[in-house]
Amino acid sequence: MGKKEGLAGYPQTGVASTCRSYEEYCAMFKLSDAELMGGPVLDVAGGASSFTAHLIARGVPAVAVDPFYEGVTEEVITKAYEEIAVSSAKIAANAGAYDWSFYGSPEQHRNIRERSLTLFNEDFRREDARTRYLSASLPHLPFEDNSFERIFCSHFLFLYADSFGVPFHTASIKEMLRVLKPGGELRIYPLVTLKWEPCAFIPEILTELGDFVEAEFLPTDLPFVPVPSSLLRLVKLA
Numbered sequence: 001m002g003k004k005e006g007l008a009g010y011p012q013t014g015v016a017s018t019c020r021s022y023e024e025y026c027a028m029f030k031l032s033d034a035e036l037m038g039g040p041v042l043d044v045a046g047g048a049s050s051f052t053a054h055l056i057a058r059g060v061p062a063v064a065v066d067p068f069y070e071g072v073t074e075e076v077i078t079k080a081y082e083e084i085a086v087s088s089a090k091i092a093a094n095a096g097a098y099d100w101s102f103y104g105s106p107e108q109h110r111n112i113r114e115r116s117l118t119l120f121n122e123d124f125r126r127e128d129a130r131t132r133y134l135s136a137s138l139p140h141l142p143f144e145d146n147s148f149e150r151i152f153c154s155h156f157l158f159l160y161a162d163s164f165g166v167p168f169h170t171a172s173i174k175e176m177l178r179v180l181k182p183g184g185e186l187r188i189y190p191l192v193t194l195k196w197e198p199c200a201f202i203p204e205i206l207t208e209l210g211d212f213v214e215a216e217f218l219p220t221d222l223p224f225v226p227v228p229s230s231l232l233r234l235v236k237l238a
């Protein structure tokens, strides 16, 4: 299925930091609660999402990285609220282009994000928060080799393909694989760009990775974007 006629894409300047919920993560990455009981887990480009807070509350070791976390705590939280307002307005302006079977409506979509941000805020304000919310940027992660069992990266790689080319994407994926344990898995979503077009250079990157990984494309349980997207699952073989 192609892009909906007349839809130019998602208007975005710079990289957004959004407030996705644990339920959204499970849907877009096709995860069950049981799959997430093991750890440690790394959320790359986590923004103000509540995924890490939810895992920590369940006793699962989890860390999120994003340059968004740099700065004074209350300023970071304020920026997250501002981003909700901006992104919600963009989505509402083109509401007819999206699949609302998961969220129900633009209003419910915003409500989910605001509830998620509340959970993030509570966790981000804790004294030990900066031990699990680290300011870091791909393609350089501040972790030892083979540190994580599962790594997730949503709404960054491939989505901003026009701003970050093949070398950046290749280096970023190799870096995430470096900190992934052998047998662990990396999941990336979505695989379309901000123009709502499939990212053209994914096959090139998979060729570069070679026999280092086992790759597969999986359907997701989060129908929303105007162009349906699968997720990329990479299992580290060595």
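FYI, full-length UniProt numbering numbers position 139 of the sequence shown as 139, with every residue one higher than the one before it. Ideal Cβ positions, reconstructed from N, Cα and C, are used throughout, including at glycine.
Contact belief for residue i with residue j at Cβ below 8 Å, rounded distance in angstroms
i, j, result
"K30", "T220", "6 Å"
"V41", "F148", "7 Å"
"Y81", "F51", "Not quite, the Cβ-Cβ distance comes to about 18 Å (not below 8 Å), so this is no contact."
"L117", "I91", "No, L117 and I91 are not in contact; Cβ-Cβ is about 16 Å, not under 8 Å."
"F158", "I188", "7 Å"
"L209", "I173", "7 Å"
Residue i: CB within 6 Å of a non-hydrogen atom of the ligand COA
i, result
"E24", "Only the bare structure without any ligand can be found here, which leaves the ligand COA out of the picture."
Proximal residues to residue i (C-beta, below 6 Å), its chain only, five neighbours per side dropped
i, result
"A161", "T193 and C199"
"T18", "G47"
"E5", "Note that E5 scores a pLDDT of 47, beneath 50, so its modelled location is shaky and nothing firm can be said."
"A171", "P139"
"Y25", "F51"
"S54", "With the sequence shown as reference, residue 54 is identified as His, and Ser is not the correct amino acid for it. So the list reads Y22, once near-sequence residues are dropped."
"R113", "C19 and I84"
"L119", "S50 and A53"
"residue 275", "Only positions 1 to 238 of the chain appear in the structure, and residue 275 is not among them; the question remains open."
"Y103", "H109"
"A215", "L206 and L234"
"S163", "none"
Strand pairing of residue i, partner residues [DSSP]
i, result
"S154", "Y189"
"K236", "V213"
"L194", "BP columns for L194 are empty, so no partner."
"L206", "Note: L206 sits in no beta bridge, so no partner."
"L231", "L218"
C-beta atoms of residue i and residue j nearer than 7 Å
i, j, result
"G46", "A64", "yes"
"K236", "L180", "yes"
"residue 240", "A238", "Past the boundaries of the shown model lies residue 240; the chain is included only from 1 to 238, so the question cannot be answered."
"L222", "R233", "no"
"C153", "V44", "yes"
"P203", "S137", "no"
"F224", "D99", "yes"
"L206", "E175", "no"
"P106", "A95", "yes"
Neighbourhood of residue i by C-beta distance below 7 Å, restricted to the same chain and skipping five residues each side
i, result
"D145", "R178 and V179"
"H150", "Looking at the sequence itself, residue 150 is Arg, so the reference to His does not match. Within the same chain, R150 has close Cβ partners V41, G184 and E185."
"V213", "L177, L234, V235, K236 and L237"
"S230", "L191, F217, L218, P219 and T220"
"A129", "D123"
"R110", "I84 and S88"
"V60", "L36, M37, G39 and V41"
"Y69", "V76, Y133, L134 and S135"
Close beta carbons around residue i, own chain, < 8 Å, minus the five adjacent residues each side
i, result
"S32", "C26"
"H169", "L157, F158, A161, F201 and I205"
"M62", "Note that residue 62 is Ala in the sequence shown here, rather than Met. The answer, listed in chain order, is G39, P40, V41, L42, D43, F51, T52, L55, I56 and R132."
Tell me the start and end of each unbroken alpha helix (DSSP H) in the stretch 37-78 that is at least 4 residues and wholly inside, in chain order. Fully enclosed alpha helix (DSSP H) runs of 4 or longer: 51-57.
Just to confirm the assignment: which complete alpha helix (DSSP H) runs, minimum length 4, are found wholly within the stretch 106-189? The qualifying runs are 106-124 and 166-178.
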